[in-house]
Structure formats: C-alpha cells, structure tokens
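Structure first, then comments.
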Amino acid sequence: MEQYSVLSRYYDALTDDIDYVGIVSFYRSVFDECPADVRRVADIGCGTGSVSLPLAAAGYDVTGYDISPDMLSAAFARAQASGIRLRLAEHDISEPFGKVVYDAVVCSLDGVNYLTKNGQMRSCFDAVSRSLRDGGIFIFDVSTPYKFKNILADGTFTYELDGMYLIWQNEYNESTHKCELMLTFFEKCGELWRRSEEWQTQRSYSDREIRSALKAAGLDVAAVYADEKRSPVTPESDRWYYVCRKVKNG
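Residue numbers for the sequence shown follow our numbering, so the first one is 12 and each next one is one higher.
Written out as structure tokens, the structure reads:
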C-alpha cells in the first residue's frame, strides 16, 4: 500500500486543529519584511495544499511539491473546488527542483523530519538554495528532539472520525534518532469495518545539525522561533521554526 493512500483521504479532518491561518500569516509577515518583493513561492512537502492554497489565494505565484501522488490529488481537488490557480508537482524534496528560481521556499509541519537518510537533509537544503534567488527566504519547521523523546516517544494516539477510527503508534530509537509511525485505520464499509495499515518514518535533528547543513548550503539563519507567533525557543519547545536567507553571491 502507498505510504499516504489512506491517510490522504482523512488528513484534512485529522489536522483541523492546526492553525494554518496563523502559519500562513507568519509566512506572509516574513515575506513583507524582505527587502525585495516576494511573488514566486515554492511549498515543498505541500501535502493537501493547506498552506499552498491560502498563499495562492493571497496572490502569490505558488508551486506545491510533494512525493505523494495521493496528497497531490487531494490538493488538486481542493484547488479545483475553490477556483484557485495552483501548480503542483510530484517530487522528492531532497532532489533538485529544476531551473525555476523562487523568491521564497516554505516547508511546513515536519517536512524536514521525513528526510531520514544520512545526507538527505543536506541534499534538501542544497536543492532549496539552488532554487532561491540571492537573498531569497527559506522558512521551515521541525519537531524537536524534546518532542521525539518526551511527547512522541513510544506513545499511542487514537482518533475517531465519522466512519473511521485510527490508532497511531510510535517507536522511537534514541540511538538512530528515528521514529517509526505505525498507522492502523479502520474504515466502515456498510456493516463491516476494513482494516489497513501505513508506515512512516521521521528523524530527529539537533539544532547544531540543522545549522551546519544550512550553512553548507549557503543559507543564513536569521531567526528561530518556537511557534508561528514568534515565541522564543525554550528547552521544552516541541517545534522550531527557522527563518533563513540565501547568502548573496559575491
């Protein structure tokens, strides 16, 4: 089974508690602070378009990239239903994005944590840097080591929607810094329930590892926040928001 084939159908309902309005407002406020106009934006790991669509609706020229065709299909359906113009492309975000140059690149809700292989985060940052104009903006967030150790760890979470029940189990290996996410879905089909499973893997990265990879890619860290409200980072922060700028050549 594809990694997101079932999850893509319920992703929006399962994440309806996420403050997408706040995230997009944060992005736009950073864009407004940029000396040069930000018009062309890449949303990498765009999922079902919860960030891409409001950015496009606000007038930005947005391209959404995601490795999952099921997630992209959901994003396309939402764009069609809302009449919003949005480019979408199936793409591994650790690979180069081609010759298009962007003013800004964003990556929301753990996209970087899904880069689990050695060197994959560095490859992603290199690809982002090559796709940004000089002085361009890169904003992304990660789940922190604190979150992996103290919140996700070996926990089990349950979600219930109309006609669907989900059991989400985690196994975190502190030596490899990888967390296996096992999703078991029960979908109501008439009088019966259909069971299916999907697996995901995330990786915890330290601030030092992230900054080292950014620096190697020619990306300066302008700020790090604990949330989209720009709260300061603390030892118990469960998420870090990085605001970076591409170093100007010469």
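Glycine residues also receive a C-beta, built at the ideal position from the N, C-alpha and C atoms.
Quick check on the DSSP output: the beta strand (DSSP E) that includes residue i runs from which residue to which?
i, result
"residue 145", "143-154"
"residue 100", "98-101"
"residue 263", "Any answer about residue 263 is impossible in this case: the structure gives the chain only from 12 up to 261."
"residue 52", "51-55"
"residue 117", "113-118"
"residue 104", "Premise fails: residue 104 is in no beta strand (DSSP E) and is neither H nor E."
"residue 208", "203-214"
Tell me the residue span of the alpha helix (DSSP H) that contains residue i.
i, result
"residue 69", "Looking at the DSSP string, residue 69 is not in any alpha helix (DSSP H), and its letter there is neither H nor E."
"residue 34", "31-44"
"residue 81", "80-93"
"residue 221", "218-227"
Among the options, which has the Cα closest to the Cα of residue i?
i, options, result
"residue 140", "192, 108, 198 and 64", "108"
"residue 59", "245, 114, 45 and 97", "97"
"residue 338", "161, 180 and 160", "Since the first residue shown for the chain is 12 and the last is 261, residue 338 is missing from the structure and cannot be characterised."
"residue 57", "184, 213, 30 and 80", "80"
"residue 175", "196, 189, 192 and 167", "196"
"residue 92", "192, 219, 64 and 162", "64"
"residue 69", "78, 55 and 50", "50"
"residue 189", "145, 205 and 126", "126"
"residue 26", "45, 256 and 62", "62"
Who pairs with residue i in a beta bridge, going by DSSP?
i, result
"residue 253", "151 and 235"
"residue 5", "As shown, the chain starts at 12 and ends at 261. That puts residue 5 outside it, with no answer to give."
"residue 124", "None; residue 124 has no bridge partner."
"residue 170", "177"
"residue 77", "101"
"residue 182", "191"
"residue 25", "Bridge partners of residue 25: none, in fact."
In its own chain, which residues sit with a C-beta less than 8 Å from the C-beta of residue i, not counting the 5 before and 5 after it?
i, result
"residue 250", "152, 153, 154, 155, 158, 237 and 238"
"residue 235", "218, 244, 251, 252, 253 and 254"
Can you name, in chain order, every residue of its own chain whose Cβ lies under 6 Å from the Cβ of residue i, other than the five neighbours on each side?
i, result
"residue 164", "183"
"residue 102", "76"
Here's a check: name, in chain order, each residue in its chain whose Cβ is nearer than 7 Å to the Cβ of residue i, leaving out the five neighbours to either side.
i, result
"residue 142", "53, 108, 111, 112, 113 and 116"
"residue 18", "194 and 209"
"residue 245", "237"
"residue 166", "181"
Checklist entry - Would you call the stretch 79-89 and the stretch 116-135 touching, i.e. three or more CB-CB distances under 8 Å? => result no
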